[in-house]
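In my numbering, the protein residues as written are 43 to 190.
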Amino acid sequence: MRCPKCKKSETRVIDSRDTNFSRQIRRRRECESCAFRFTTFEHIEAAHFVVIKKDGSREPYQREKIESGIWKSCEKRPVTEAQIEALLNNLEDKWSAHGKEIPTKLIGKGIMDGLKKIDEVAYIRFASVYRQFKDVESFKKELAKLLE
43 MRCPKCKKSE
53 TRVIDSRDTN
63 FSRQIRRRRE
73 CESCAFRFTT
83 FEHIEAAHFV
93 VIKKDGSREP
103 YQREKIESGI
113 WKSCEKRPVT
123 EAQIEALLNN
133 LEDKWSAHGK
143 EIPTKLIGKG
153 IMDGLKKIDE
163 VAYIRFASVY
173 RQFKDVESFK
183 KELAKLLE
């Protein structure tokens, strides 16, 4: 690992810890030349699969895009970053086991099921956009399912 200060490649690890639900390793390093200390993170390579959209088109999976949609539905709700991180990590593991191509239907259902457990209001918000409620009746039907 190259030192960000003096650019020499002789560094040593001082401390290592698991972070992000054991999906990342945080390493504290020290440069042997200039004694500068810095932190690095090692993580598992992101999930590589293709999303099959409703119209049949395909695009690479983008965690940031999904995370952004989830955060919009959780706006002003008591949902923590750790909860969203855990939800996405769990879902990505399930989706990766499903194969290299994942339909949006499976992704949307997984997110809705996860949000239902975390926060019901966030679930309804996400479902209203994902299912494209056209009128109050479709919204009422979804609320009735939730209340059962």
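Note that CB positions come from ideal geometry on N, CA and C, so glycine has one too.
- Residue pairing for Phe-80: DSSP places it in a beta bridge opposite Arg-71.
- Boundaries of the alpha helix (DSSP H) harbouring Thr-146: 146 to 160, taken from the DSSP string.
- His-85 sits close to Arg-65, with the two beta carbons spaced by under 8 Å.
- If the five residues before and after Glu-143 are omitted, its C-beta is found closer than 6 Å to the C-beta atoms of Val-92, Ile-94, all from its own chain and listed in chain order.
- DSSP links Asp-57 through a beta bridge to Arg-70.
- Glu-179: member of the alpha helix (DSSP H) spanning 178 to 189, first to last residue.
- Residue pairing by DSSP places Val-92 opposite Pro-102, Glu-143 in a beta bridge.
- In the same chain as Leu-129, and ignoring 5 residues on each side of it, the C-beta atoms closer than 6 Å to its own belong to Gly-156, in chain order.
- For the pair Asp-57 and Ile-67, the CB atoms are not nearer than the 8 Å cut-off.
- Cβ atoms of Arg-44 and Val-55 stay farther apart than 8 Å, at about 14 Å.
- The Cβ neighbour count for Leu-133, taken over all protein chains shown within 10 Å, is at least 16; the residue is labelled buried.
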